[in-house]
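Chains as they are written, first to last, in my numbering: chain A, 1 to 113; chain B, 1 to 112. For each residue, glycine too, the CB sits at the ideal point set by N, CA and C. Quantities reported herein were computed from a predicted structural model and do not represent experimental measurements.
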Amino acid sequence: KAGVTQTPRYLIKTRGQQVTLSCSPISGHRSVSWYQQTPGQGLQFLFEYFSETQRNKGNFPGRFSGRQFSNSRSEMNVSTLELGDSALYLCASAATSSYNEQFFGPGTRLTVL
Amino acid sequence: GENVEQHPSTLSVQEGDSAVIKCTYSDSASNYFPWYKQELGKGPQLIIDIRSNVGEKKDQRIAVTLNKTAKHFSLHITETQPEDSAVYFCAAPEYNNNDMRFGAGTRLTVKP
Numbered sequence: 001k002a003g004v005t006q007t008p009r010y011l012i013k014t015r016g017q018q019v020t021l022s023c024s025p026i027s028g029h030r031s032v033s034w035y036q037q038t039p040g041q042g043l044q045f046l047f048e049y050f051s052e053t054q055r056n057k058g059n060f061p062g063r064f065s066g067r068q069f070s071n072s073r074s075e076m077n078v079s080t081l082e083l084g085d086s087a088l089y090l091c092a093s094a095a096t097s098s099y100n101e102q103f104f105g106p107g108t109r110l111t112v113l
Numbered sequence: 001g002e003n004v005e006q007h008p009s010t011l012s013v014q015e016g017d018s019a020v021i022k023c024t025y026s027d028s029a030s031n032y033f034p035w036y037k038q039e040l041g042k043g044p045q046l047i048i049d050i051r052s053n054v055g056e057k058k059d060q061r062i063a064v065t066l067n068k069t070a071k072h073f074s075l076h077i078t079e080t081q082p083e084d085s086a087v088y089f090c091a092a093p094e095y096n097n098n099d100m101r102f103g104a105g106t107r108l109t110v111k112p
């Protein structure tokens, strides 16, 4: 069974630009959650999608958004990038809920210059 | 909201020794407690989890114990090996905000 895949793995952007990251969950999983990981703040929850609907949202500004497609694949978008957005963005898939077993992808390393 | 605290932040042990990492949580409604291992350049990997209806769960060299009264849970690794070296995270759900809260992580180093 293929694991969670994320593309791209690395990304370099400049301040003010926008970026879209992609996540393909494990086949059959309907819940996709996104997390931001930084040395200072650790792992922080961004949002969770289930059946194309945002079910939960963390404490991040509106510049961070996401969506989920009918095949459960998900994208997250960050607009008007700031230096502080530099982080590892992780996607996790679960069969039904982030409150059950979650499986993480390798992450996308975003660097904002 | 849920506050998950994890200790210690770094842990160094000799190969073959045991390692224990502890976490406390604040939301008494929390009922699912996973542990993740993250190796350099990889995403976190679920290694073991426990639900609030049991006090202990074992999987080979790894065990997790849960004390719901005291609101803490611990990861125990026995007979440590160099490949156990990684950062370990605990987590607990925050039901008010509907998200998972993670501990700050423990960097475990197993010296051969």
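Thr106 (chain B) and Ser27 (chain A) have their C-alpha atoms roughly 31 angstroms apart. The three-state reading of DSSP puts Pro93 (chain B) in strand, counting E and B together. Val78 (chain A) and Asp59 (chain B) have their C-alpha atoms some 39 angstroms from each other.
Leu108 (chain B) has its alpha-carbon roughly 26 angstroms from the corresponding atom of Leu110 (chain A). For Gln18 (chain A), no chain B residue has a C-beta closer than 7 angstroms to its own C-beta; the minimum C-beta separation is roughly 24 angstroms. Closest in C-alpha terms to Val13 (chain B), from the list B:Glu83, B:Cys90 and B:Ser74, comes B:Glu83. The CB of Leu11 (chain A) never comes closer than 9 angstroms to any CB in chain B; the least such distance is about 15 angstroms. Gln102 (chain A) reaches chain B at Pro34, Leu46 and Met100, counting residues in chain order whose Cβ is nearer than 8 angstroms. Counting the other Cβ atoms within 10 Å of the Cβ of Lys42 (chain B) gives fewer than 16, which makes it exposed.
Separation of Val110 (chain B) and Cys90 (chain B) (C-alpha to C-alpha, rounded to the nearest whole angstrom) is 19 angstroms. With a cutoff of 7 angstroms on beta-carbon distance, Phe50 (chain A) and Met100 (chain B) are scored as not near each other. Lys37 (chain B) sits away from Ala70 (chain B), with the two beta carbons spaced by 7 angstroms or more. The alpha-carbon separation between Ile47 (chain B) and Phe33 (chain B) amounts to approximately 11 angstroms. For Gly55 (chain B), DSSP assigns no beta-bridge partner whatsoever. In chain order, Gly42 make up the part of chain A whose C-beta sits under 7 angstroms from the C-beta of Ala104 (chain B). Counting only runs of 3+ residues, the beta strand (DSSP E) found wholly inside the region 5 to 46 of chain A occupies 5 to 7, 10 to 13, 19 to 24 and 31 to 38, in chain order. Only residues of its own chain outside the window of five on either side were considered, and among them Val19, Leu21, Thr108, Arg109, Leu110 and Thr111 have a CB closer than 8 angstroms to the CB of Leu11 (chain A), listed in chain order. Assignment of beta-bridge partners to Thr24 (chain B) by DSSP yields B:Glu5 and B:His72. Rounded to whole angstroms, the Cβ separation of Phe104 (chain A) and Ala94 (chain A) is 10 angstroms, and the two are not in contact under 8 angstroms. By the neighbour-count definition (other C-beta atoms within 10 Å, threshold 16), Asn53 (chain B) is an exposed residue. Boundaries of the beta strand (DSSP E) around Leu66 (chain B): Ile62 to Asn67.
Listed by position along chain A, the residues whose Cβ is nearer than 9 angstroms to that of Asp59 (chain B) form an empty set, because the closest Cβ is around 13 angstroms away. For Lys22 (chain B), no Cβ of chain A is located within less than 7 angstroms of the residue's own Cβ. Glu83 (chain B) carries a helical assignment under DSSP once its states are collapsed to helix, strand and coil.
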